[in-house]
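J.:
In the working numbering, the protein residues as written are 385 to 743.
1. Counting beta carbon pairs with one atom in the stretch 544-560 and one in the stretch 635-650, are three or more of them shorter than 8 Å?
2. Which residues bound the alpha helix (DSSP H) around residue 638?
3. Exposed or buried, which one is residue 477 when buried takes at least 16 other CB atoms within 10 Å?
4. Within the continuous beta strand (DSSP E) that includes residue 545, where are the two ends?
5. Can you tell which of 689, 482, 608, 471 has the C-alpha that lies nearest to the C-alpha of residue 647?
6. Taking the alpha-carbon positions, what's the residue 707 to residue 723 distance?
7. Does DSSP put residue 564 in a helix, a strand or coil?
8. May I have a chain-ordered list of the alpha helix (DSSP H) segments no shorter than 4 residues that lie completely inside the stretch 600-666?
9. By how many angstroms is the C-alpha of residue 545 removed from the C-alpha of residue 572?
10. For residue 503, which of helix, strand or coil comes out of DSSP?
11. Which residue comes first and which comes last in the alpha helix (DSSP H) that contains residue 578?
12. Using the rule of at least 16 other Cβ atoms within 10 Å of the residue's Cβ for burial, across every protein chain shown, is residue 564 buried or exposed?
13. Does the stretch 689-707 come within contact of the stretch 660-672, defined as at least 3 CB pairs closer than 8 Å?
14. Is residue 608 near the ligand FAD, in the sense that its beta carbon is under 8 Å from a heavy atom of that ligand?
15. Can you tell which of 620, 453, 653, 673 has its C-alpha closest to the C-alpha of residue 633?
16. Are the stretch 582-598 and the stretch 612-622 touching by the rule of at least three beta carbon pairs closer than 8 Å?
17. For residue 592, name the three-state secondary structure that DSSP assigns.
18. Mind checking who residue 554 pairs with in its DSSP beta bridge?
19. Any idea what DSSP makes of residue 487, helix, strand or coil?
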């Protein structure tokens, strides 16, 4: 619109200048002036129409090209947006499926937790009985021994009877200088549960705390007295605690109990520490067996070396004999060749010629 105004202003200026020129040329003839002005007007109108037509045509072409470029660009943007939307939708779908899968797993895990909670409650009700707790500890101990040493009771024994008629839950026949190590399972659970029960008052928990320490010391004394025998067992014995929580409680908050056990030559072990200790003993036993077989192999290699030396001496003698026989065979072969040549020369002699020579 601004361009059309500028064009019109320029045309008006041109018209005014044309009129001024005509007036200067024809000052006396008004009719001529009017005619020329009419022609000039017609020419201007024609030129203006042509210019407007060309301008409109050019602007229409430019507008069409611009519209096509804009449409092409919009189509490209639309395709790109659709591609991005499809990619995002695919990723969102995968994420949603993954979330659904995880939710199903969480739901399944929750069901397992509910079942486990029921089992734990059932286990707690079972472990309230001292005899059942003892059986539970023995079963765990047997499982650990079996997993370390195997089913065959060569390195260990269950419910082993000692010379003092005491029956220990298990004993491991370790090599010297350790010797036979006795392992007894103890489960001081009642007072431990009371002293860790936050629902009880402080006085009850303090009383349970003292009783728990007393229970552990009694177990240490019993193990030290029954299962450490000079000349029969090792100088130390192991008190096995089937519950890691009780073992952690003693190690974390009762250093005096650890010192008391050390003074009485009793090692306190939980399931994890017992497995580590027994694994170390198993490794020592394997190394001893390996060293024993290595010694046997070394002795056999020495014997084999002696036999091989004896074989070498005999082979040398045989080789000399073979060389001697070979030399004699060559001599016999040479003599045989000579005799053969003699026979050939004799066979080739003319008998008639020999008779003539004799006459």
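Backbone N, C-alpha and C define an ideal beta-carbon position, used for all residues, glycine too.
T.: Taking the coordinates as given:
1. no
2. No alpha helix (DSSP H) contains residue 638, which DSSP labels as neither H nor E.
3. exposed
4. 540-545
5. 608
6. 25 Å
7. strand
8. 628-637, 639-647
9. 24 Å
10. Note that residue 503 scores 46 on pLDDT, short of 50, meaning its location in the model is unreliable; the coordinates nonetheless yield the value given after this. DSSP places residue 503 in helix when its eight states are reduced to three.
11. 574-579
12. buried
13. no
14. This structure lacks the ligand FAD; in fact it carries no ligand of any kind.
15. 653
16. no
17. helix
18. 542, 567
19. helix
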